Structure formats: C-alpha cells, structure tokens
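Just so we're aligned: 184 in the UniProt record's numbering is position 184 of the sequence shown, and the numbers increase by one with no gaps anywhere. We put the CB at the ideal spot given by N, CA and C, even for glycine. This one's a predicted model, so the numbers in the text were calculated from it and none came from an experiment.
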Amino acid sequence: MVKHHDIPALETEKRQYHEFVEVDLAHTVMLVEREILTKPVGQAILAELRQIRDLSPADFPFDVKKGSFLLQVESYLFSRIGEDSAGQMHTGRSRIDQGATVRRLYDRKRILAVLDRINEFQVALIQKAAQHCDTIMPGYTHMQHAQPWVFGHYLLSFTSRLHDSFSRLSNAYGRVNRNPLGAVGLAGTSWPLDRARTTHLLGFDSLVENSKLGREAWYAAETIGALSFVMADLNDLATDLHIWSSVEFATVESDDGYCGTSSIFPQKKNPSGLETIKKAAGGSVTWLSTALATFRSEGTGDQAMRDLPLIHDALEITEGMLDLFTGIIETLVVHEDRMATLLSGSWCTASNLADVIVRERGISFRQVHHVVARLVRNCLLAGVSPAMVTSAALNQAAMETIGSPLQYTDAQVRDALNPRRFVETRVSAGGVGPDEVKRLLAIARDELEQDREWVTGNKLKLASSRADLDAAIARIVD
C-alpha cells in the first residue's frame, strides 16, 4: 500500500505544495473571522503556515509514514505549537473537500499556463502568416492538386481553430474555478462556515453549490476534452508540415535545431520536432475516453476514483507541445521558389477556367466540367503545360464533349489558368483573395488580443485575491 498508493499520492501532493498551504491559510482566516477559532489560536496557526508557504517543497520535512499532505502539515504544526492549537485548523473541513479544493487550484494554474502557451503559439502563427500573405502554393484535396492556395491563408485557418480551442479551454476553466471548500465530506457541516469568504480569498469565481458535488471531478474530464482539441489542432498542422518537408514536396523545412540525423543515412535531416508533436497527439486521442471510463466505474461512495491524475499529464503534454511548436513555426523555412515550381506545371487552376466559361458563355457548370476535364486530359497526353494551352485545344475539347467551340483567344485561356490571377480574382468571404487574407489576418490579431486580455484579467483577479488573503492574515497575525 505504501509503495503503490501512499508514495505516489504524496509525490503528486508535493507538486501541489503551495496550493495546500493556500487552502489552509484561507480556511484558517475564515474560521477566525467567523469566531469559530479564537484569535490567539488563529495567530499561532497562521504564523506557522506563512513560514511553511515560504519554504520550497524540498525543504519541508515530508515523512511518508505520516500520510497525506494534510497530515504532514498537521504533524509539523503539532511539533511547533502543540496539538491543542494546531488540531483546530481542521474544524469544519474534511480531507475530501480540502483535496478537491487543492486540485482545482492547481489545475486552474496549469490551465492558465496552457492558455498562455496557446497565445504565444498564435503570435508565431500570425507573424508567419503575415510574411506569407501573398505566397502562392498548390492546395490539396485527396492529396492531389485542387486549387492555388496562399500559405498565409493556410496558417490563418489554424489561428481560427486555436481561437476556438482557447474558447473551449477557457470555458472549462470557469467550471474548474468553483470552490468546493466547505462542502466537507458529503452533507455539509454544523459549523457556520463562510464559504463565500474562502471563495474570494482563493480567487474562485463561484461556489460548488451542492455539497455532494464538492468531491466530484467532472470538470477534469471537460478540461481533458478541451486539451484534446488543442492537440488535434497541433496534430493536423504538424502532419501537413511533416509531409510538405519531404523531398517530394520540399515546400517547407524545419530549422536544424528541431531536426535529428540518421545513424546510417548521411543525407537525412529528420523533422524530429514535428514527429514528437504527432506522437504526443496520438496518445491524446484516448485522454477523454480514459477519463470517462474512470468515472463510469465509480459508485456514489467510491472516493478514490474522484481524482483524475491523467489531467496532470494532459496539461503537461499540451503545454510542452505548444512550446515546441512555437519554436518550430518561428524558425520554419518556407521555400517559395519550390511552391512556384510546383504551380508552374499544375492544372489546379482548371476550376477557374470552368467558372470563366460558365459566367461568360451561359453553359451549365456540369457541361463545362466535362469540357475542361477533356482539355486537361488531352494536354497531359500531349505534354502541354497550362502556360502553353491554346484556344484551339480548348475548342477541340469542347467539340469532343458538347459539340460546339467556345471561341476564346489564347491569352484569355492562359489568363484563366494563371495561378496568380486565380488568387487575385477570389472575392468570396473567407477565400484566398488578397483583401480577404488581409481581413482574416486582422481578425486573427483581434482574437489574439481578446484571448490575451482574458488571461491577463484572470491573472489580475487571482493576484487581487492573493493580496486580500495576505492582508487578512496580516490583520490577524501582525
């Protein structure tokens, strides 16, 4: 039991050291203010707790034989001020609601760190997108050339996704940031606790209202779900960049600092950073299902299953992969000349030629689709590139499919097949047209500013609550 439960549990609680002390401080302040504890007893407890707070976990005298951190602190206080005084700190409290409060404080802190990392990653994406607002590349569907694309537009699709993921995680934060302290073990207590006071002192947004729910950890499953979406965003971007960094595509290249070498192949530059992100994202697929399976196996009275250690791994992995990917994007080399080369022989503007014919000749799109498809096939068989297509070739394709010529000049046909003209003529909202890419870039910057303000506002709120807690302690002790 000690090896497989007590020691691992205590190691987890060591990471939550400062959160444990904060809960003890806030609870004791409230007990004194409500006159549940006398001021002299409160002074003695708070003075010692302040000293404990100033210690690092490595300096605190942990003893695994004493059990959880609650009991570790109690034992330490017993040795300092006696059991008669120190033992009163646990009045109106259970290890259940104390532990639940600690976990929420710790998870709250880690969620804010991940949200910070999302914003830092967004900065890198937006800066790179701004550099490539007019960098044209082939766009793909089914891994085949589909239409000309803009690399900046591609990156901005991920800033939009990450803004949504930020929203999901910040919404989950709101349910994490509820105060279970005072719910006690299950049914509340006969002590007249001021739960609103500890809610404020600990920086919570609201109470966990129903005392039975004080020990629940469903918020952790929601948080893990939101983190899984972040990892999905990273996976999709990493997968594309991984493919595009291959010799066959060679349109992007990771900096040497994010690559590895081969032990046997001297020529290889392995994109290890991208592979690390994809590997981590693969594991994230099971996070939510594991969380839900854990909760489904619990009964109403199964306290041990109401913690979800998996959330710590999910937070750590997500934060780490965001940090790694930020560096990769900041230093990413974009080979614009290679993109242009791929476009020069590509028929990815064929849909634009079809649109031009439909708009100017009044023929149905399905008929024109057959015409242009025949044109592309004939040219491929003849070895003719899009830049060399003639009106005669188009008329031949039209005669073979719809039975009448289309009467375009060579210049008109080639203009319709020009990748740059394709981009310049996109006018629909959200597309790759120059004005729309600029608009999407402005939206990304505005959303990033909103997300930064959200994090800053919540950090300021927590700092204000911490200052109020310190002031309340000082009024009692000093």
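- In the structure shown, L315 adopts helical secondary structure according to DSSP, grouped into three states.
- In the DSSP secondary-structure assignment, N179 is bridged to L207.
- In the DSSP annotation of this structure, Y219 is not part of any beta strand (DSSP E); the continuous alpha helix (DSSP H) holding it starts and ends at 218–244.
- With contacts defined by Cβ atoms closer than 8 Å, N458 and L112 form a contacting pair.
- Contact between I126 and L162 fails: their C-beta atoms lie close to 10 Å from each other, not under 8 Å.
- When rounded, the separation of the alpha-carbon atoms in D24 and H335 is 57 Å.
- Between A221 and L288, the beta carbon gap of about 7 Å places them in contact (Cβ cut-off 8 Å).
- No Cβ-Cβ contact shorter than 8 Å links K268 with T276.
- Annotation for T141: the continuous beta strand (DSSP E) segment containing it runs 136–141.
- Here L49 is actually not in contact with Q88; their C-beta atoms are around 13 Å apart, not less than 8 Å.
- Nearest C-alpha to R178 among W218, S364, Q144: W218.
- Membership of A196 in the alpha helix (DSSP H) is indicated by the continuous run 195–201.
- Residue pairing by DSSP places P148 opposite P138 in a beta bridge.
- The Cβ atoms of V102 and R53 do not sit closer than 8 Å to each other.
- The way I'd put it, the segment 153–161 does touch the segment 427–447; three or more beta-carbon pairs between them come closer than 8 Å.
- With a beta-carbon spacing of about 7 Å, L274 and I328 fall inside the 8 Å limit used to define contacts.
- Bounds of any alpha helix (DSSP H) do not take in F60, whose DSSP letter is neither H nor E.
- As computed with DSSP, E253 is found in a beta bridge with V333.
- Taking C-alpha positions only, R175 is separated from I311 by approximately 15 Å.
- Excluding sequence positions up to five before and after G182, its CB lies within less than 6 Å of the CB of L193, R195, all in the same chain and listed in chain order.
- The Cβ neighbour count for V368, taken over all protein chains shown within 10 Å, is at least 16; the residue is labelled buried.
- Within the UniProt domain "Argininosuccinate lyase C-terminal" (348–424), not a single complete beta strand (DSSP E) segment reaches 3 residues in length.
- Here the alpha carbon of L394 sits roughly 32 Å from the alpha carbon of E436.
- Comparing alpha-carbon positions, the option among E360, A281, D355 lying closest to H370 turns out to be D355.
- K212: not part of any alpha helix (DSSP H); DSSP gives it neither H nor E.
- Residue state for G92 is assigned as coil, using DSSP reduced to three classes.
- Residue burial is scored here from C-beta neighbours: D233 has at least 16 other C-beta atoms within 10 angstroms and is therefore classed as buried.
- For G139 against A146, the beta-carbon gap comes to about 5 Å, under 8 Å, which counts as contact.
- In the structure shown, G283 adopts helical secondary structure according to DSSP, grouped into three states.
- By the neighbour-count criterion, in which 16 or more other beta carbons inside 10 Å mark a residue as buried, Q98 falls on the buried side.
- With fewer than 16 other Cβ atoms inside 10 Å of its own Cβ, H142 counts as exposed.
- Fewer than three beta-carbon pairs drawn from the segment 402–410 and the segment 420–427 are found closer than 8 Å, and the two stretches are therefore not classed as touching.
- Cβ atoms of R197 and E35 stay farther apart than 8 Å, at about 13 Å.
- According to the DSSP secondary-structure assignment, G260 is paired through a beta bridge with N270.
- In terms of CA proximity to A172, L115 leads the group D84, L115, V247.
- Under the three-state reduction of DSSP output, T28 falls in the helix class.
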